[in-house]
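Visitor:
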Amino acid sequence: MAVGKEIKTKIASVQSTQKITRAMEMVAASKMRKTQERVLAARPYAKKMSQVIRHLAQASSEYKHAYLQERDVKRIGVILISSDRGLCGGLNSNLFRKFVAQLKEWDSEGTEVVMASIGLKGEGFLGRLGGEVLGSVTHLGETPSIEDLIGVVKTMLAAYDEGHIDRFYIAHNDYVNTMTQSPQVVQLLPVHTEELEEELTHHWDYIYEPDAKDVLDQLLIRYIESLVYQGVLENNACEQAARMVAMKSASDNAGTLIDELQLVYNKARQASITQELSEIVAGAAAV
Amino acid sequence: MSMTIHVDIVSAEASIYSGLAEMVYAPGIMGELGIAPRHAPLVTRLKPGEIRVDTGKEELDFFISGGILEVQPHVITVLADTAIRADDLDEAKALEAKKRAEDKLADKSANIDFAKAQVELAEAAAQLQAISRLRKVK
Chain S
0 MAVGKEIKTK IASVQSTQKI TRAMEMVAAS KMRKTQERVL AARPYAKKMS
50 QVIRHLAQAS SEYKHAYLQE RDVKRIGVIL ISSDRGLCGG LNSNLFRKFV
100 AQLKEWDSEG TEVVMASIGL KGEGFLGRLG GEVLGSVTHL GETPSIEDLI
150 GVVKTMLAAY DEGHIDRFYI AHNDYVNTMT QSPQVVQLLP VHTEELEEEL
200 THHWDYIYEP DAKDVLDQLL IRYIESLVYQ GVLENNACEQ AARMVAMKSA
250 SDNAGTLIDE LQLVYNKARQ ASITQELSEI VAGAAAV
Chain Z
0 MSMTIHVDIV SAEASIYSGL AEMVYAPGIM GELGIAPRHA PLVTRLKPGE
50 IRVDTGKEEL DFFISGGILE VQPHVITVLA DTAIRADDLD EAKALEAKKR
100 AEDKLADKSA NIDFAKAQVE LAEAAAQLQA ISRLRKVK
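Heads up: the protein sequence lines correspond to chains S and Z, in order.
Here the first sequence is numbered in numbering that gives the first Met the number 0, starting from 0 and rising by one per residue.
Here the second sequence is numbered in numbering that gives the first Met the number 0, starting from 0 and rising by one per residue.
Written out as structure tokens, the structure is:
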């Protein structure tokens, strides 16, 4: 029947879209579980590290590291952690909005900002934003390794060592639950000393090999790297969760769209039958 | 029963081992270390190599590519690196990240264009709002 052929094709096309969004939803759901496991697996390292650093800060070592000391803030360094891919709802734009609000605040305080990005979306955003960008890394995939992050973290740490920046932040999405991801800007350097200087009950020092400076240098670099790595993992989990939710609502919307189109199609079909019937009846009456 | 000490071997990507040991051998930066329970507090960097954990029943081997070893009275912690690290390697990676930023982000103006960013974000927000409104209507 010729009636409603356009509507039929439209329904078919929406159905195939729905199939794709369904598949993406299920893929995201299974990836989400894996990314969450990865976040949990990385936690002991960061926890142990902060314990060791706390011990070192407590232990009466004469060496005070630059990473533990506050200094006057003239310039701030931020790494923006985002996803490589889109189709994950408002995840990235929410983060960017928070990021820009924070930049504005710093700007009004008269501090300059240098930036770096992890992830394709952030790279594109910083490109359009302008400003000084120190480093960038993309295409980390679902299993990011700390090796991929060394470069970009190093550019920031080097800038800190040279006194080019006086504080170091990361901006990323924090995983609260499947429905909620909260964008955050967190300070990494200098390491918050108030957390470290608790319970100075007994004074004892380690034996350092080769020496305190050497060990603390390496330890703090690894610590910062592990925090950035955690940020990337959290962001990854957020990405999958957000994509799952976005794709679920896309599938639902496609469903309602199909229902509506089906209704329009049925009405058109009935109208054409009624019309044909009345034409036949009218024709018969005329004879 | 002989004395034991708790050992944790963790890397940034996963927890590798956690349990009791009678003796731990590690490749310290200044030489091979053997650590028994009640060792004095110690922090040392590790060379790439093998960590052996003697649990009394069996001997477990773990390969690490460097890291840090911490000894406290009741616990030994190994913070293992997952990547091969060297200063010049790190430097090369940093340069790579920098190069990428320079290649991709040709805009060298030091001023951040807040107005442009805000327009872009407002657009994205409007789109999202429109979508959620459409969803409600249906």
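Idealized CB from N, CA, C, for every residue including glycine.
Predicted, not measured: the structure shown is a model, and the values here were computed from it.
Are the segment 257-272 of chain S and the segment 43-57 of chain S in contact at 8 angstroms, needing three or more beta carbon pairs?
Guide: In short, these stretches do not touch, since the Cβ pair count stays below three.
Visitor: Indicate whether Z/V74 and Z/G66 have their beta-carbon atoms separated by less than 8 angstroms.
Guide: Residue 74 of chain Z sits at position 75 when you count from the first residue of the second sequence. Residue 66 of chain Z sits at position 67 when you count from the first residue of the second sequence. Cβ atoms of Z/V74 and Z/G66: not closer than 8 angstroms.
Visitor: Is S/D165 helix, strand or coil by DSSP?
Guide: As a first step, residue 165 of chain S must be located in the first sequence, where it is residue number 166. Coil.
Visitor: Just verifying my parser: in three-state terms, what is the DSSP assignment at Z/M29?
Guide: Taking the second sequence and counting its residues from 1, one reaches residue 29 of chain Z at position 30. The answer is coil: DSSP assigns Z/M29 none of H, G, I, E or B.
Visitor: Compute the Euclidean distance between the alpha carbons of Z/R37 and Z/P72, then round it to the nearest angstrom.
Guide: Translated into positions along the second sequence, residue 37 of chain Z becomes position 38. Translated into positions along the second sequence, residue 72 of chain Z becomes position 73. Straight-line Cα distance between these residues: approximately 6 angstroms.
Visitor: Would the beta-carbon of Z/L127 fall within 8 angstroms of that of S/R96?
Guide: Mapped onto the second sequence, residue 127 of chain Z falls at position 128. Mapped onto the first sequence, residue 96 of chain S falls at position 97. No, the pair does not count as a contact, with Cβ atoms beyond the cut-off.
Visitor: Would you kindly report the start and end of the unbroken alpha helix (DSSP H) that includes S/K73?
Guide: Stepping through the first sequence from its first residue, residue 73 of chain S is reached at position 74. First-last for S/K73: undefined, no H or E at that position.
Visitor: If you measure between the beta carbons of Z/I63 and Z/P40, is that distance less than 8 angstroms?
Guide: For the purposes of this step, residue 63 of chain Z is taken as residue 64 along the second sequence, with counting starting at 1. For the purposes of this step, residue 40 of chain Z is taken as residue 41 along the second sequence, with counting starting at 1. Not a contact, by the Cβ cut-off of 8 angstroms.
Visitor: What residues are listed by DSSP as bridge partners for S/P182?
Guide: Counting from 1 along the first sequence, the entry for residue 182 of chain S is found at position 183. DSSP output for S/P182 lists S/N172 as bridge partner(s).
Visitor: Got a sec, what are the start and stop residues for the alpha helix (DSSP H) S/G121 sits in?
Guide: Position 122 of the first sequence, counted from the first residue, corresponds to residue 121 of chain S. From DSSP, the alpha helix (DSSP H) with S/G121 extends over 119-128.
Visitor: With distances taken between CB atoms, is the gap from S/F98 to S/L79 smaller than 8 angstroms?
Guide: Reading the first sequence from its first residue, position 99 is the one you call residue 98 of chain S. Reading the first sequence from its first residue, position 80 is the one you call residue 79 of chain S. Yes, these two residues count as a Cβ contact at 8 angstroms.
Visitor: Within 8 angstroms (strictly less), CB to CB, does S/R221 reach chain Z?
Guide: Taking the first residue of the first sequence as 1, we reach residue 221 of chain S at position 222. Yes, because at least one Cβ of chain Z sits closer than 8 angstroms to the Cβ of S/R221.
Visitor: Would you mind reading off the limits of the alpha helix (DSSP H) that contains S/Y228?
Guide: Position 229 of the first sequence, counted from the first residue, corresponds to residue 228 of chain S. From DSSP, the alpha helix (DSSP H) with S/Y228 extends over 211-285.
Visitor: Among S/E275, S/E161, S/N252, which residue has its Cα nearest to the Cα of Z/I130?
Guide: Translated into the one-based positions of the second sequence, residue 130 of chain Z becomes position 131. Nearest option by C-alpha distance: S/N252.
Visitor: With contact counted as at least three CB pairs below 8 angstroms, one residue from each stretch, are the segment 127-139 of chain S and the segment 28-46 of chain S in contact?
Guide: Result no; under three Cβ-Cβ pairs closer than 8 angstroms.
Visitor: Is it right to say S/G89 is buried, meaning 16 or more other beta carbons lie within 10 angstroms of its own, or is it exposed?
Guide: Counted from its first residue, the first sequence places residue 89 of chain S at position 90. Under this definition S/G89 is a buried residue.
Visitor: Give the residues from the segment 118-146 of chain S that approach chain Z closer than 7 angstroms (Cβ to any Cβ), ordered along the chain.
Guide: Correct list: E122, L125, G126, R127, L128, G129, G130, E131, V132, L133, G134, S135, V136, S144, I145, E146.
Visitor: Is the Cβ-Cβ distance between Z/A100 and S/S135 less than 8 angstroms?
Guide: In the second sequence, counting from the first residue as 1, residue 100 of chain Z sits at position 101. In the first sequence, counting from the first residue as 1, residue 135 of chain S sits at position 136. Closer than 8 angstroms, so yes.
Visitor: Please compile the residues from chain Z whose C-beta is within a distance smaller than 7 angstroms of the C-beta of S/E262.
Guide: If you number the first sequence from 1, residue 262 of chain S lands on position 263. The residue asked about is misnamed: residue 262 of chain S is Leu in this sequence, not Glu. None at all; the shortest Cβ gap to chain Z is about 13 angstroms.
Visitor: Please tell me whether S/A236 and S/M31 are closer than 8 angstroms, where the distance is taken between their beta carbons.
Guide: As a working note, residue 236 of chain S is residue 237 in the first sequence. As a working note, residue 31 of chain S is residue 32 in the first sequence. Yes, these two residues count as a Cβ contact at 8 angstroms.
Visitor: Using a beta-carbon distance cut-off of less than 7 angstroms, what residues from the segment 19-50 of chain Z approach chain S?
Guide: The segment 19-50 of chain Z vs chain S, Cβ under 7 angstroms: G27, I28, M29, A39, P40, L41, V42, T43, R44.
Visitor: Which one or two residues does DSSP pair with Z/H5 in a beta bridge?
Guide: On the second sequence, residue 5 of chain Z is found 6 positions in, with the first residue counted as 1. Answer is Z/L19, Z/V74.
Visitor: Can you find a CB in chain Z that lies within less than 8 angstroms of the CB of S/Y168?
Guide: What you label residue 168 of chain S is simply residue 169 of the first sequence in a count that begins at 1. No, S/Y168 lies away from the interface with chain Z (no Cβ there is under 8 angstroms from its Cβ).
Visitor: Would you kindly work out how many angstroms separate the C-alpha atoms of Z/L45 and Z/P26, rounded to a whole number?
Guide: Numbered from its first residue, the second sequence carries residue 45 of chain Z at position 46. Numbered from its first residue, the second sequence carries residue 26 of chain Z at position 27. C-alpha separation (whole angstroms): 6 angstroms.
Visitor: Distance cutoff 8 angstroms, beta carbons only. Does S/R74 sit that close to anything in chain Z?
Guide: Within the first sequence, numbered from 1, the residue matching residue 74 of chain S stands at position 75. Chain Z contact via Cβ: absent.
Visitor: What span of residues does the alpha helix (DSSP H) with S/V190 cover, start to end?
Guide: Counted from its first residue, the first sequence places residue 190 of chain S at position 191. No alpha helix (DSSP H) holds S/V190; DSSP gives it neither H nor E.
Visitor: Can you tell me the Cα-Cα spacing of S/T294 and S/L256, whole angstroms?
Guide: In the structure displayed, chain S extends from 0 to 286; residue 294 of chain S sits before or after that span and is not available.
Visitor: Starting from S/R96, follow the beta strand (DSSP E) in both directions and report where the run begins and ends.
Guide: Here residue 96 of chain S is taken as the residue at index 97 of the first sequence, counted from 1. From DSSP, S/R96 is part of no beta strand (DSSP E) but of the alpha helix (DSSP H) over 90-108.
Visitor: Can you tell me which residues form a DSSP beta bridge with Z/S14?
Guide: The residue you call residue 14 of chain Z lines up with position 15 of the second sequence. Its beta-bridge partners are Z/V9.
Visitor: Tell me the DSSP bridge mates of Z/P47?
Guide: If you number the second sequence from 1, residue 47 of chain Z lands on position 48. Answer by DSSP bridge pairing, in chain order: Z/S64.
Visitor: Could you work out which residue in S/H54, S/N93, S/D165, S/L187 is closest to Z/Q117 when comparing CA atoms only?
Guide: For the purposes of this step, residue 117 of chain Z is taken as residue 118 along the second sequence, with counting starting at 1. It is S/N93 whose Cα lies nearest to the Cα of Z/Q117.
Visitor: Tell me which same chain residues have a C-beta within less than 7 angstroms of the C-beta of Z/A11, skipping the five on either side of it?
Guide: Within the second sequence, the letter at position 12 stands for residue 11 of chain Z. These residues qualify, in order along the chain: T81.
Visitor: Report the residue from S/A281, S/S250, S/S277, S/G282 whose alpha carbon sits nearest the alpha carbon of S/Q17.
Guide: The residue you call residue 17 of chain S lines up with position 18 of the first sequence. Comparing Cα-Cα distances from S/Q17 to each of S/A281, S/S250, S/S277, S/G282, the minimum goes to S/S250.
Visitor: The ligand FMN heavy atoms versus the CB of S/A41: any closer than 7 angstroms?
Guide: The ligand FMN is not part of this structure, which contains no ligands at all.
Visitor: Assign S/I261 to one of two classes, buried (16 or more other C-beta atoms within 10 Å of its C-beta) or exposed (fewer than that).
Guide: By one-based count along the first sequence, residue 261 of chain S stands at place 262. One point to set straight first is that residue 261 of chain S is Gln, not Ile, in the sequence displayed. Its Cβ having fewer than 16 others within 10 Å, S/Q261 is exposed.
Visitor: Can you confirm whether the segment 223-234 of chain S touches the segment 171-187 of chain S when touching is taken to mean that 3 or more C-beta pairs between the two stretches lie within less than 8 angstroms?
Guide: Flag = yes, the segment 171-187 of chain S and the segment 223-234 of chain S touch.
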